[in-house]
Structure formats: structure tokens, C-alpha cells
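Asker:
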């Protein structure tokens, strides 16, 4: 069934990304989660597979409509910056909003230039020490350098161009 298929694809993407180039060190959580959701939602966007303890009954019947929800937050300038995303070490306490934002960031990157994915993964995996073992500022700098090399984006440029993309593409 489609929900199982999307669940398996999402988990496989996370494992393949974290094991890329046999590194088996954690890559940026915002990117891995966003990439996983990006692939999974292409199969079945109506199934949210985030955390078992989420209160899905109180999220509303359209909790799967991430584009509309991201659009609303971006329209009101209520979203995490690139720098704050790069500082994240774990998605353990994330709710639906954080997952939606990461999915949307990856959606923008993949639409901007899909070849950037390989360049970004190559760059991050060529780091001599896994990102989870360096300080937050060093991990952030490495991610920002990877974004610049892979998609020619500065942190402010990523925020601004992603925002414009969301307001144009996700508009109702």
C-alpha cells in the first residue's frame, strides 16, 4: 500500500544519506529529515510519519497539506532561519512545524538544482570528522560552506530565495 511504500522510502533515504560514502556519521538533521520527507511525500503526501506520540487528532484533518501550512508561516515571517536549522543536532523533540520547514527547504533546493544534492552530500561527507562530533559553530560553518558550493547560496540568500519560492509556488 502507498503509506507503507512512502514510509519505507522515507526511512531508506535517511539511512542512505547517513551512510553515504560509507561515512555512517550523522549529516545535518534538517537536511536528512527534509530529504526523507521530500521523497516520501512524492509517493503519498497525506500520511505524516513523524513521531508516534504526536497528537494527530488535534492537528486537524488537513495536517498533511504542508504547502499551505508552510505558506502561512512564511507569509507571516514565522520560520527558522538557515543558521538556526544548521545548529540543530537532533529532531527528537521536533513537532510537525519543524518537519514541514525542513521538507520545504529541501523542496526549494531540489527545484533550484537537483545536482546540488550530490555536491552537498559529497562536500559534507568529505569532512574529516563527522558533523556530530564537532562544535555547533564548526558544524554550522561546514554546512553553510556546503550550501554555497552546492547551490551558490549564502545563509541570507537561502532564506530570501526560499521565502520567495514558497510565496510563489505554495500560494493557494
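Residue numbers (the numbering used here): 0 to 171. Glycine is no exception: its CB is placed at the ideal position from the N, C-alpha and C atoms. Remember, predicted model here, so these are calculated numbers, not experimental data.
1. Output yes if chain D places a C-beta closer than 7 Å to the C-beta of residue 17; else output no.
2. Between 20, 14 and 149, which has its C-alpha nearest residue 116's C-alpha?
3. With DSSP collapsed to three states, give me the class of residue 80.
4. Under DSSP, the alpha helix (DSSP H) around residue 16 begins and ends at which residues?
5. I want to know whether the region 77-96 touches the region 147-164 - three or more CB-CB distances under 8 Å.
6. If you drop the 5 nearest sequence neighbours on each side, which residues of the same chain put their C-beta closer than 7 Å to that of residue 153?
7. Taking the alpha-carbon of residue 93 as reference, which of 28, 9, 166 and 6 has the nearest alpha-carbon?
8. Go through the region 67-135 residue by residue and report every complete run of the alpha helix (DSSP H) that reaches 4 residues or more, in order.
9. Terminal residues of the continuous alpha helix (DSSP H) containing residue 167?
10. Counting Cβ pairs closer than 8 Å, one from the region 34-42 and one from the region 7-18, do we hit at least three?
11. Identify, in the order they occur along the chain, each residue of the same chain with its Cβ nearer than 8 Å to the Cβ of residue 16, setting aside the five sequence neighbours on each side.
12. Please report the distance separating the alpha-carbon of residue 88 from that of residue 141.
13. Work out the CA separation of residue 155 and residue 139 for me, nearest whole Å.
14. Give the DSSP-derived three-state secondary structure of residue 45 in the structure shown.
Answerer: In brief:
1. Protein chain content of the structure displayed is limited to a single chain, and chain D is not contained in it.
2. The residue labelled residue 116 in the question sits at position 117 within the chain shown. From the listed residues 20, 14 and 149, the smallest Cα separation to residue 116 is found for 149.
3. Residue 80 sits at position 81 when you count from the first residue of the chain shown. Residue 80: coil per DSSP, three-state reduction.
4. For the purposes of this step, residue 16 is taken as the residue at position 17 of the chain shown. Under the DSSP assignment, residue 16 falls in the alpha helix (DSSP H) whose first and last residues are 1-17.
5. By the Cβ test, the region 77-96 is in contact with the region 147-164, since at least three Cβ pairs between them sit closer than 8 Å.
6. Position 154 of the chain shown, counted from the first residue, corresponds to residue 153. Non-local C-beta neighbours of residue 153 in its own chain, meaning closer than 7 Å and more than five positions away in sequence, comprise 147, ordered along the chain.
7. For the purposes of this step, residue 93 is identified with residue 94 of the chain shown, where counting begins at 1. With distances taken between Cα atoms, residue 93 lies closest to 28.
8. Within the region 67-135, the complete alpha helix (DSSP H) runs of at least 4 residues are 81-85, 95-111 and 115-124.
9. Within the chain shown, numbered from 1, the residue matching residue 167 stands at position 168. Start and end: 154-168.
10. Three or more pairs of CB atoms, one per stretch, sit closer than 8 Å, so the region 34-42 contacts the region 7-18.
11. Along the chain shown, read from residue 1 onward, the residue named residue 16 stands at position 17. Same-chain partners within the cutoff: 26, 30, 31, 34, 35 and 120.
12. Locating residue 88 in the chain shown gives position 89, where the first residue counts as 1. Locating residue 141 in the chain shown gives position 142, where the first residue counts as 1. If you take the alpha carbons of residue 88 and residue 141, they lie about 14 Å apart.
13. Along the chain shown, one-based indexing puts residue 139 at 140. Along the chain shown, one-based indexing puts residue 155 at 156. Rounded to the nearest angstrom, the two C-alpha atoms are 14 Å apart.
14. Along the chain shown, one-based indexing puts residue 45 at 46. DSSP places residue 45 in coil when its eight states are reduced to three.
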